[in-house]
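Participant:
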Amino acid sequence: MHICDQPRSTHVQSWDEIDDNLGRAGETERNTQPRSSGRKPKPAGEPGWPSSGGYALDQTLLDVEKWAKETYDDILIALHKEADKVLDKSISFRAQNQESVDKICLKMSKRWEFLSSYKNCWPVCDMLKLHLKYTSEAS
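Under the numbering used here, the letters of the sequence shown match residues -12 to 126, in that order.
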């Protein structure tokens, strides 16, 4: 299984390996986010396209998944900072080095461990997709 459902030519950790790493991680920011025994699937469609068969990411995470607004904002800020440091902001999500994307997903899941309850870490991947969409279009 690949993080963010992206095909890769390089080795990517399985979610079992990621779960093992998360168990050995140092400090994590724990909060009262809901957890489930199975991984939560990604909604149908693409983020940012609610009137074209997709969904509004913020609305889905805040209203449906019941994330706290502060948690959502904290993750978004940390994700943008990490993406701006590691990724090429002039190209889209699909054109990024997928190993770098996977490392960001793992880093966010270590910091906010409830993210590992989502199949392929889809909230983080979708936040990255939207961020890179805007930054690559601005370039």
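All C-beta atoms in this analysis are idealised placements derived from N, C-alpha and C, irrespective of residue type, glycine included.
These numbers were taken from a predicted model, which means no experiment stands behind them.
How would you label I64, buried or exposed, when you count the other beta carbons within 10 angstroms and need 16 or more for buried?
Facilitator: Position 77 of the sequence shown, counted from the start, is the residue given in the question as residue 64. It is exposed - the Cβ of I64 has fewer than 16 other Cβ atoms within 10 Å.
Participant: Determine, using beta carbons only, whether Y105 and K56 come nearer to each other than 8 Å.
Facilitator: In the sequence shown, counting from the first residue as 1, residue 105 sits at position 118. In the sequence shown, counting from the first residue as 1, residue 56 sits at position 69. Against a cut-off of 8 Å, the Cβ pair of K56 and Y105 comes out as no contact.
Participant: Classify P37 as helix, strand or coil using the three-state DSSP reduction.
Facilitator: Position 50 of the sequence shown, counting from 1, holds the residue named residue 37. Note: P37 maps to helix in three-state DSSP.
Participant: Given that a residue counts as buried once 16 or more other Cβ atoms are within 10 Å of its Cβ, and exposed if not, what is Q46?
Facilitator: On the sequence shown, position 59 is the one that residue 46 refers to. Q46 is exposed by the Cβ-count criterion.
Participant: What does the alpha-carbon distance come out to for the pair D60 and K53?
Facilitator: Position 73 of the sequence shown, counted from the first residue, corresponds to residue 60. Position 66 of the sequence shown, counted from the first residue, corresponds to residue 53. D60 and K53: Cα-Cα distance of roughly 13 Å.
Participant: Can K76 and T122 be called in contact, C-beta distance under 8 Å?
Facilitator: Counted from its first residue, the sequence shown places residue 76 at position 89. Counted from its first residue, the sequence shown places residue 122 at position 135. It is a contact, given that the beta carbons lie within the stated cut-off.
Participant: For V73, name the three-state secondary structure that DSSP assigns.
Facilitator: For the purposes of this step, residue 73 is identified with residue 86 of the sequence shown, where counting begins at 1. Helix, per DSSP.
Participant: Just to confirm, is the Cβ distance from L74 to Q83 under 8 Å?
Facilitator: Numbered from 1 along the sequence shown, position 87 holds the residue referred to as residue 74. Numbered from 1 along the sequence shown, position 96 holds the residue referred to as residue 83. Against a cut-off of 8 Å, the Cβ pair of Q83 and L74 comes out as a contact.
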